[in-house]
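If you count by our numbering, then the sequence shown holds residues 1 to 345, one letter each, in order.
Even for Gly, the Cβ is constructed at its ideal location relative to N, Cα and C.
Heads up, the thing below is written out as structure tokens.
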Amino acid sequence: MCILLREIKEEVVDRDEQCQKLTFLDSGTSRGLRYKGKKHGRLASILQQLLNSLRIDLQSYREVFPADDMDKLEEFSYAINLVELIVECQTEALDESQTNASDIVEDSMKQCGKVTFEILMQECLAATATKYPAGSEKTANPREFFLGLMQLLVAAILEDRNDYEPCVAKYCKFSLSDLTAIELWHILGERLHEMLMKQRDDETFPPSEYINLLLFLNQVHNDYIKKQGLKTSSDIEYPVWFEFFVQKWIKSFEEKALDFATKAVANDKAGQFASLENKPLSSSVFDIFYLLHEGNKKLDKLSCGNVELHYRYFHRLALVIQKVLTHYIALLTECIQEFQSDPPC
């Protein structure tokens with residue numbers, strides 16, 4: 001087909017040159033131009049139909065040209081080459097093309113990204129319906145659903161990078177895997193944002209579920225968007241979508257830390273505040289500061305590079321640390337007073 005197109009293009013160009021040499025009729029219209037218009041009109045129609053057919057195939061290239069079939073991958077490469085030759089023929093022989101082949105291929109690949117997302121979304125919905133049938137006591141976990149979806153999206157990006165991109169790179173300058181990553185990331189952001197807004201008043205799942213989802217989402221962003229130097233409109237937005245759940249997590253962390261401090265001091269008191277081996281401090285000191293340090297480390301990841309979020313989160317955490325340490329000191333003060341009034345034997 002590619003060889004045929006080149007021959008057609010050469011034939012049309014040759015005929016075009018011959019048409020220009022024909023004499024004009026008395027009506028002022030060239031026999032050559034009338035011949036050219038008739039022949040070119042038919043060819044233009046055929047080429048446009050072929051181009052439209054190729055667009056349709058490329059918009060569903062994952063299904064039409066499966067990556068696990070080497071013959072189909074070769075056909076995929078030929079299809080892109082055909083697009084290039086058709087546009088070249090339209091431009092050089094017919095002077096009709098208003099776009100370039102790379103733009104046509106890129107637009108088709110973007111459309112395939114949307115199709116891919118919907119297919120993978122339906123797969124996850126079907127899997128969820130099977131695991132949590134109607135009437136089941138258990139409720140589908142949104143974190144589990146989106147984690148599974150993101151894993152499938154990552155697999156699609158890697159498939160593009162390893163299998164399809166080498167074929168595209170022969171004829172186009174853009175990176176298919178980067179294009180797919182941006183398209184899938186954009187659609188994922190829209191769906192995830194919708195879900196998070198609906199889940200704000202749902203107390204079924206603890207904040208930690210959404211925190212783990214954010215951490216995985218941030219890892220995907222760093223590996224497939226940020227690391228490639230790509231930018232999307234939701235790069236700064238997505239950490240903000242989780243702020244409600246992060247603030248809830250900080251609140252639960254505060255309650256956990258206060259309860260932990262109370263129990264730690266009680267354990268120290270029961271053990272007569274015995275110091276740790278080779279350290280002149282009791283275990284509660286290390287346990288409490290270790291807990292606060294871990295909370296600090298986790299929270300540092302949740303701002304995902306957003307400076308304003310980072311400030312709000314750590315301002316809130318500073319108040320939690322102040323409250324926990326004040327509570328801890330108050331408990332120790334009570335213990336010291338008890339030891340002073342009734343020292344142990």
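Annotation: the stretch 209 to 264 contains the following complete segments of the alpha helix (DSSP H) (minimum length 4 residues), in chain order: 237 to 241.
DSSP places residue 266 in the helix class (H, G or I) of the three-state scheme. For residue 283, the uninterrupted alpha helix (DSSP H) run begins and ends at 283 to 302, by DSSP. Residue 302 places its beta carbon less than 8 Å from that of residue 313.
Between residue 256 and the set 112, 187, 327, 335, the nearest pair of CA atoms involves 327.
Around the C-beta of residue 84, 16 or more other C-beta atoms lie within 10 Å, and the residue is accordingly described as buried.
The beta carbons of residue 239 and residue 306 sit closer together than 8 Å. The beta carbons of residue 311 and residue 164 sit no closer together than 8 Å. Rounded to the nearest angstrom, the gap between the Cα atoms of residue 102 and residue 179 is 13 Å. In the structure shown, residue 161 falls within a helical segment according to DSSP collapsed to helix, strand and coil. Taken in chain order, the stretch 169 to 214 contains no complete beta strand (DSSP E) segment of 3 residues or longer.
Taking 8 Å as the upper bound for CB-CB distance, residue 108 and residue 43 are not in contact here, some 23 Å apart.
In this structure, residue 146 sits away from residue 128, with a CB-CB distance that is not shorter than 8 Å.
Per DSSP, residue 132 lies in no alpha helix (DSSP H) segment and is marked neither H nor E.
In this structure, residue 284 lies near residue 265, with their beta-carbon atoms less than 8 Å apart. The DSSP-derived three-state label of residue 99 is coil. Distance from the CA of residue 67 to the CA of residue 248, rounded to the nearest whole angstrom, comes to 44 Å. Taking the C-beta atoms as reference points, residue 106 is found no nearer than 8 Å to residue 167. Here residue 157 is actually not in contact with residue 192; their C-beta atoms are around 17 Å apart, not less than 8 Å. Cβ contact annotation for residue 245 (same chain, cutoff 6 Å, sequence separation greater than five): 207, 210, in chain order.
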